[in-house]
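Participant: My questions will all concern the structure given below.
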Amino acid sequence: MTSEDIIKNGSVVYSRPRLLNERNTHYCPGCSHGVVHRILAELLDEMGLEDKAIGVAPVGCAVFAYNYIDVDWIEAAHGRAPAVATAANRLNPENVVFTYQGDGDLAAIGTAETIHAANRGENIVMIFINNAIYGMTGGQMAPTTLLGQKTATSPYGRRADINGFPIKMSDILAQLDGTCYVTRQAVHTPAAVRKAKKALRTAFENAIAKRGTSVVEFVSTCNSGWKLSPAKANEWMAANMFEKYPLGDLKSI
Amino acid sequence: MAEEIKLMKGNEAIAHAAIRYGCDGYFGYPITPQSEVLETLEELMPWETTGMVVLQAESEVAAINMVYGGAATGKAVMTSSSSPGVSLKQEGISYIAAAELPALIVNVMRGGPGLGTIQPSQADYFQATKGGGHGDYHLIVLAPATVQEMADFVGLGFDLSFKYRTPAMILADGIVGQMMEKVVLPEPRPRRTAEEIAEQCPWAATGKHGRKERNVMTSLELEPDKMEVNNLRLQETYKRIEENEVRYKEYHVEDAEYLIVAFGSVARICLKAIEDARARGIKIGLLRPITLWPFPSDRLKELSSKIKGILTVELNAGQMIEDVKLAVECKIPVYHFGRMGGIVPNPGEVMNAFNNCFGEASNNSDL
């Protein structure tokens, strides 16, 4: 399509991805899940993975991811997605298995499953939504909640002496011999979305080529949990989250 | 050709039988007294022959969730553990039952509660037969008394779990897991092909492969009306299992005046006690439930009109006795004799317990 065609009246230049179905999502307007779902659905279609993909949904905001993206899914218990994905992949090596998990799921209750699946180098993709809060249950403190950040269970701000420190899970995973690709992305600007999609593509290529575990962390917004408008949430994320969770590749081999 | 008779431990028989059944995957974690299952599988390297996946997980929690993941793709998968480890698996077992997935779980019971002891026990009867995890569900629970049954129940457990799309458990006591006996292993059969799985498990999350609708394995449903329907469907399955799958064995029941009810290796000790008693003219029979759930309640109720009393003998503080009492509707006296903490009674102790319960009546027998 030339730029002449694109600007012609009535030409479709952007539409709903084929694998993102028409069901209304339960996500709050403006949160990062919508964009990540979109690029994931686009990629699964573009890479011809509709018939091969098995998604593993977490417990948390993305618990209903299986309702929106038209591939086969398994809904895991809280934190256990990497264990579920391990078996799904080992028993079906011709498939492409990915998990989609939040920070509570992947970095708190499921820490052991996350680390050990990555350490075994399972040929899976872990999609990690880090919005520093428990969204689904109403905005409680997460393992990645920043120091000083107010949540329902740290109403005066997270304190290191009581709650410990925000955990940099991707940095831990990057140190494991089983991971081949660990990257931290965001989807708050069009440029960031394009970069993030490229990163996610690399992760799926690794899974297909059986190079080991790929982790794509999305530093994300939770405008409801943070009690900010979508635009303000993006600003707050850029101003506060990126310092603790800097964007870019942590490991790529 | 004559059957090939082997000598092995019950735990080893589980491993051999799994490979021969065409099991697709085993996910385990070491814990005494069942570690030989994982050890034997690692030694036999079935991935080189049948393609079976064997994986030592980082925890019992991970292992059962691997089972969940494998079962969700339509594969025949299993795990084994012992009591404290099986407690850890309960969340995953509840999810497997709720998502209506077939799977086999082996519990080689040790004494509890807590870390307890590594010696044999039957104290997980309640946990196994009443659900174990959260929510209204049942497992099909098979109680082997011999190494032969350890081998045979692997296939039976898988077959039943696929037939009803519900998890099955082999509930063995530590004795059956650890003791060596003669066993004839089942005939090897190939693992199912992808085509066979697609045909037998059209619900499985295998990748869409041209399917129009995606398959989603989940236990989540937030709409109460639909969630109740899901629960009713599970209960319907359990009703069919109760109607069709009750299994038990009877010994010397025809002319029995009293009955001992015992399962697993304890039933064998009781059988010896009964035979000794019969030599002295005391007519005791034995009913050994093979399925602890579904429980042979109808048969016990039937027998209760012909016998004077029942003694349950268990390696616990009295768990199965509750189901026996429910079955006979308290129409005849039901007593319990149990040892705990890893102690296994001998036939003499069983007879002493019987005499303590029914002494007057048995003394009046024509000796």
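Chains as they are written, first to last, in numbering that gives the first Met the number 0: chain A, 0 to 252; chain B, 0 to 366. Just so you know, even glycine gets a beta-carbon here, dropped at the ideal spot from N, CA and C.
Taking the straight line between their C-alpha atoms, what separation do you get for M179 of chain B and K5 of chain B?
Facilitator: If I take the Cα positions, the gap works out to 10 Å.
Participant: When you compare each of B:F125, B:L291, B:I268 to S317 of chain B by their alpha carbons, which one comes out closest?
Facilitator: The displayed chain sequence assigns Gly, not Ser, to residue 317 of chain B. Residue B:F125 is the option with its Cα nearest to G317 of chain B.
Participant: Ignore the nearest five residues each way along the sequence and tell me which others in Y20 of chain B's own chain have a CB closer than 8 Å to its CB.
Facilitator: Excluding positions up to five away in sequence, the list reads A75, V153, G154, F157, P185, R188.
Participant: Listed from N- to C-terminal order along the chain, which residues in the segment 311-326 of chain B have their beta-carbon within a distance smaller than 8 Å of any beta-carbon of chain A?
Facilitator: The residues in question: there are none.
Participant: Cβ closer than 8 Å: which chain A residues qualify as neighbours of K225 of chain B?
Facilitator: Residues of chain A passing the Cβ test: none, with the nearest at roughly 13 Å.
Participant: Could you say which of B:T72, B:M77, B:I320 lies nearest to A61 of chain B if we only look at CA atoms?
Facilitator: Nearest C-alpha to A61 of chain B: B:M77.
Participant: Would H36 of chain A and Y67 of chain A qualify as a contact pair, given that the criterion is a beta-carbon distance under 9 Å?
Facilitator: Taking 9 Å as the Cβ cut-off, H36 of chain A and Y67 of chain A qualify as a contacting pair.
Participant: Please report whether the beta-carbon of H36 of chain A lies at a distance below 9 Å from any beta-carbon of chain B.
Facilitator: Cβ-Cβ to chain B under 9 Å: no for H36 of chain A.
Participant: Would you say the segment 283-295 of chain B touches the segment 87-104 of chain B, given that touching needs at least three Cβ pairs under 8 Å?
Facilitator: No, the segment 283-295 of chain B is not in contact with the segment 87-104 of chain B.
Participant: Check Y99 of chain A in the structure and name its three-state DSSP category.
Facilitator: Y99 of chain A falls in the strand class under three-state DSSP.
Participant: Below 7 Å between beta carbons is the criterion; list the residues of the segment 94-113 of chain A that meet it against any residue of chain C, in chain order.
Facilitator: Absent from the structure: chain C. Protein chains present are A and B.
Participant: Please classify V135 of chain B: does DSSP put it in a helix, a strand, or coil?
Facilitator: This sequence places Asp at residue 135 of chain B; Val is not what is there. Coil.
Participant: Against E90 of chain B, what residues of chain A qualify as contacts under a CB-to-CB distance less than 7 Å, listed in chain order?
Facilitator: Chain A residues near E90 of chain B: A76.
Participant: Report the rounded CA-to-CA distance for H77 of chain A versus L42 of chain A, giving the unit in angstroms.
Facilitator: Cα-Cα distance, rounded: 26 Å.
Participant: Taking C-beta pairs closer than 8 Å, name the residues in chain B that A117 of chain A reaches, listed in chain order.
Facilitator: Near A117 of chain A there are no residues of chain B at all, since even the closest Cβ is about 11 Å away, more than 8 Å.
Participant: Could you name the residues of the same chain whose beta carbon sits closer than 8 Å to that of S219 of chain A, not counting the 5 residues immediately before and after it, in chain order?
Facilitator: If we look at S219 of chain A and ignore the five residues flanking it on each side, its Cβ neighbours are C30, S31, H32, V35, I128, N129, N130, A185, V186, M236.
Participant: To which residues of the same chain is E244 of chain B closer than 7 Å at the C-beta, ignoring the five residues directly before and after it?
Facilitator: If we look at E244 of chain B and ignore the five residues flanking it on each side, its Cβ neighbours are I139, L159, T290, P293.
Participant: Quick one: what does DSSP say N363 of chain B is sitting in, helix, strand or coil?
Facilitator: Confidence in N363 of chain B is poor, its pLDDT being 48 and thus under 50, which makes the residue's placement unreliable; the coordinate value appears in the next sentence. In this structure, N363 of chain B counts as coil in the three-state DSSP scheme.
Participant: According to DSSP, what are the bridge partners of E74 of chain A?
Facilitator: Paired residues: A:A56.
Participant: Which partner residues of F217 of chain A appear in the DSSP bridge assignment?
Facilitator: Beta-bridge pairing links F217 of chain A to A:I128, A:Q184.
Participant: Determine, for Y133 of chain A, whether the minimum Cβ-Cβ distance to residues of chain B falls below 9 Å.
Facilitator: False, the Cβ-Cβ gap to chain B never drops below 9 Å.
Participant: Taking C-alpha atoms, which residue in A:N233, A:L105, A:V96, A:P245 lies nearest to V55 of chain A?
Facilitator: Of the listed residues, the one whose Cα sits closest to V55 of chain A is A:V96.
Participant: In chain order, what residues of the same chain lie with their CB nearer than 6 Å to the CB of R17 of chain A, ignoring the 5 residues before and after it?
Facilitator: Around R17 of chain A: D44.
Participant: Report the CB separation of A272 of chain B from M350 of chain B in whole angstroms; it is logged as a contact under 8 Å.
Facilitator: Between M350 of chain B and A272 of chain B the Cβ distance is about 5 Å, and since that is below 8 Å, they are a contact.
Participant: N345 of chain B: buried (16+ other C-beta within 10 angstroms of its C-beta) or exposed?
Facilitator: Per the 10 Å Cβ criterion, exposed.
Participant: Between P119 of chain B and L314 of chain B, how many whole angstroms is the CB-CB distance? I'm expecting something under 8 Å.
Facilitator: Contact holds; Cβ gap of about 6 Å.
Participant: Consult DSSP for W235 of chain A and reduce its assignment to one of helix, strand or coil.
Facilitator: The answer is helix: DSSP assigns W235 of chain A an H, G or I state.
Participant: Measure from the C-beta of A206 of chain A to each C-beta in chain B and report whether the shortest distance is under 9 Å.
Facilitator: No, no contact with chain B.
Participant: Which one of B:P295, B:F262, B:P332 has the shortest CA to CA distance from A122 of chain B?
Facilitator: It is B:F262.
Participant: CB Y94 of chain B to CB A56 of chain B, shorter than 9 Å?
Facilitator: Taking 9 Å as the Cβ cut-off, Y94 of chain B and A56 of chain B do not qualify as a contacting pair.
Participant: Which of the three DSSP states is assigned to G156 of chain A in this structure?
Facilitator: In this structure, G156 of chain A counts as coil in the three-state DSSP scheme.
Participant: Taking the straight line between their C-alpha atoms, what separation do you get for T212 of chain A and K197 of chain A?
Facilitator: So the alpha carbons of these two residues sit roughly 17 Å apart.
Participant: List, from N- to C-terminal side, the beta strand (DSSP E) runs of 3 residues or more that fit wholly inside the segment 243-283 of chain B.
Facilitator: Qualifying beta strand (DSSP E) stretches, in chain order: 247-250, 257-260.
Participant: Name the two residues that bound the continuous beta strand (DSSP E) containing L146 of chain A.
Facilitator: Looking at the DSSP string, L146 of chain A is not in any beta strand (DSSP E), and its letter there is neither H nor E.
Participant: Select from the segment 42-53 of chain A all residues with a C-beta closer than 7 Å to any C-beta belonging to chain B, and list them in chain order.
Facilitator: Under the 7 Å Cβ criterion, the segment 42-53 of chain A contributes E49, D50, K51, A52, I53.
Participant: Classify G308 of chain B: buried if its beta carbon has 16 or more other beta carbons within 10 angstroms, exposed otherwise.
Facilitator: Buried, because 16 or more other Cβ atoms sit within 10 Å of the Cβ of G308 of chain B.
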